[in-house]
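To start, the structure under review is shown below, and the notes come after it.
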Amino acid sequence: MASNGMMQAIGALERAVSKLEQQVDGFKRATPAPPSTGVDAAAAREALRSLDELIAQIKGQANG
Numbered sequence: 000m001a002s003n004g005m006m007q008a009i010g011a012l013e014r015a016v017s018k019l020e021q022q023v024d025g026f027k028r029a030t031p032a033p034p035s036t037g038v039d040a041a042a043a044r045e046a047l048r049s050l051d052e053l054i055a056q057i058k059g060q061a062n063g
């Protein structure tokens, strides 16, 4: 079983990812044209999905 500290860290990561996703959605709604920042939106979404999968794996190991 995972320590309380590890579970709190996982929870903090989940909240941070959720907040980042909300901010990205807000930026997309506020910006009619793609921003010229050089950020690859598809790669950023894939990175977020990958982080979500990693969190799920860590949770599975912590509970297993």
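Here the sequence shown is numbered in numbering that gives the first Met the number 0, starting from 0 and rising by one per residue.
We put the CB at the ideal spot given by N, CA and C, even for glycine.
Quick caveat, the model's predicted, so the values are computed rather than measured.
Straight-line Cα distance separating valine 38 from asparagine 3: If I take the Cα positions, the gap works out to 36 Å.
Report the option in Arg14, Pro31 and Asp24 whose CA atom is closest to the CA atom of arginine 44. Asp24
Is DSSP giving aspartate 51 helix, strand or coil here? If DSSP states are grouped into helix, strand and coil, aspartate 51 belongs with the helices.
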